[in-house]
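In the working numbering, the protein residues as written are 5 to 241. Just so it is clear, CB atoms sit at the ideal spot from N, CA and C, and this is done for glycine as well.
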Amino acid sequence: MSTPRKPLPPQIYARRRVAALLAILLLVIILISAWALLRGGAEPEPANTAQTSTAQTSSAPSTTAPASSVVEQTAATETSADSATSADSASAQASDTELASAPEPGKDTCVLDDLIVEAGSDKPTYQPGEQPRFIMTVSNPTAADCKIDLEEQKLRFEVYMLKDAAKMWTDTDCNLPEQTGVKTFPAGQTVVFDAVWSRAGSAPQQCDARQPVEPGAYFLHTVIGTNHSSPHTFNLI
């Protein structure tokens, strides 16, 4: 007759229970992993669909962009054509204006209107007793010498009141012209003339008892024939 076994200590039973639970937990983890792998291999379509959807989403802007781009290009082409026509018209008008206001570059003839006449002074403001020195510059931008008969096209300096444009003085009223005869203005060069004003007013045939002009703002024109400068302003104190 066998000897009855003694019951095991409670600690042993507890360890066995823990080991059994761990084994069951491990088995569950293995089963879940296997199921996940099987699910991933058995359902490839959703993954592909997701990828396709992502690709479509990311490519949607590029698909839309060409369509808009085509419309914009068409509009741009039409606009460009209109702009080109407008630009050509504007260019033509600008060219006509430039041709009317300035001589052609390299022009091989020269007439009075081709000359560029400018006015200046040695100071912007003159104190009492100071006599203004006026400067005329005449530039010939053409490729030809310009011969001007200064007997017919008089060269002169003219001073006007700024407030009402009343003429106060011309250097030829009471003096001989600065230049006479035929004057040559060389091609591509500038010729300078000057005159000093006594600050006395004058008028043709009225040269006796000339009176000083009043202090104020004035402007100067330098002129050859009908070709005159822009006004140059100055002040008398």
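Enclosing beta strand (DSSP E) for Asn-239 [first to last residue]: Along the sequence shown, one-based indexing puts residue 239 at 235. Asn-239 -> beta strand (DSSP E) spans 236-240.
Within 10 angstroms of its Cβ, does Cys-211 collect 16 or more other Cβ (buried), or is it exposed? Translated into the one-based positions of the sequence shown, residue 211 becomes position 207. Classification for Cys-211: exposed.
How many angstroms separate the CA atom of Gly-229 from the CA atom of Pro-132? Taking the sequence shown and counting its residues from 1, one reaches residue 229 at position 225. Taking the sequence shown and counting its residues from 1, one reaches residue 132 at position 128. About 32 Å.
N-terminal and C-terminal residue of the beta strand (DSSP E) that Ser-206 is part of: Taking the sequence shown and counting its residues from 1, the one referred to as residue 206 is at position 202. Neither: Ser-206 is in no beta strand (DSSP E) and is coded neither H nor E.
Helix, strand or coil, according to DSSP, for Pro-216 in the structure here? Indexing the sequence shown from 1 puts residue 216 at position 212. If DSSP states are grouped into helix, strand and coil, Pro-216 belongs with the strands.
Can you list, in chain order, the residues of its chain with a C-beta nearer than 8 Å to that of Leu-166? Leave out the 5 residues immediately preceding and following it. The residue you call residue 166 lines up with position 162 of the sequence shown. These residues qualify, in order along the chain: Gly-220, Ala-221, Tyr-222, Phe-223 and Thr-237.
Val-121 versus Val-217: straight-line alpha-carbon distance, rounded: As a first step, residue 121 is located in the sequence shown; it is residue number 117 there, counting from the start. As a first step, residue 217 is located in the sequence shown; it is residue number 213 there, counting from the start. Between Val-121 and Val-217, the alpha-carbon positions lie close to 26 Å from each other.
My assumption, with CB atoms under 8 Å, is that Asn-239 sits in contact with Tyr-130. Please give the rounded CB distance. Counted from its first residue, the sequence shown places residue 239 at position 235. Counted from its first residue, the sequence shown places residue 130 at position 126. Confirmed, about 7 Å.
Please check if any C-beta of chain E sits within less than 8 Å of the C-beta of Asp-118. Of the protein chains in the structure, only one exists, and it is not chain E.
Local conformation of Asp-117 per DSSP, three classes: By one-based count along the sequence shown, residue 117 stands at place 113. Helix.
Per the DSSP calculation, Gly-192 is bridged to which residue(s)? If you number the sequence shown from 1, residue 192 lands on position 188. Its beta-bridge partners do not exist; DSSP assigns none.
Distance CB(Thr-188)-CB(Leu-154) smaller than 8 Å: Numbered from its first residue, the sequence shown carries residue 188 at position 184. Numbered from its first residue, the sequence shown carries residue 154 at position 150. For Thr-188 and Leu-154, no; Cβs fall outside 8 Å.
Please classify Ala-282: does DSSP put it in a helix, a strand, or coil? The requested residue 282 does not occur in the structure, where the chain is confined to residues 5 to 241.
Endpoints, beta strand (DSSP E) assigned at Asp-153: Your numbering for residue 153 matches position 149 in the sequence shown. From DSSP, the beta strand (DSSP E) with Asp-153 extends over 150-153.
Looking at the strands, I want to know which residues DSSP matches up with Tyr-17. As a position in the sequence shown, residue 17 is number 13, starting the count at 1. Per DSSP, none; premise fails for Tyr-17.
Can you grab the Cα-Cα spacing for the pair Asn-144 / Glu-134, in whole Å? As a working mapping, residue 144 is identified with position 140 in the sequence shown. As a working mapping, residue 134 is identified with position 130 in the sequence shown. Their Cα atoms are separated by approximately 32 Å.
Looking at the unbroken beta strand (DSSP E) that takes in Glu-162, where does it start and where does it end? The residue labelled residue 162 in the question sits at position 158 within the sequence shown. Here the beta strand (DSSP E) through Glu-162 covers 159-165.
Can you name the residues that DSSP bridges to Lys-187? Along the sequence shown, read from residue 1 onward, the residue named residue 187 stands at position 183. Paired residues: Ile-152.
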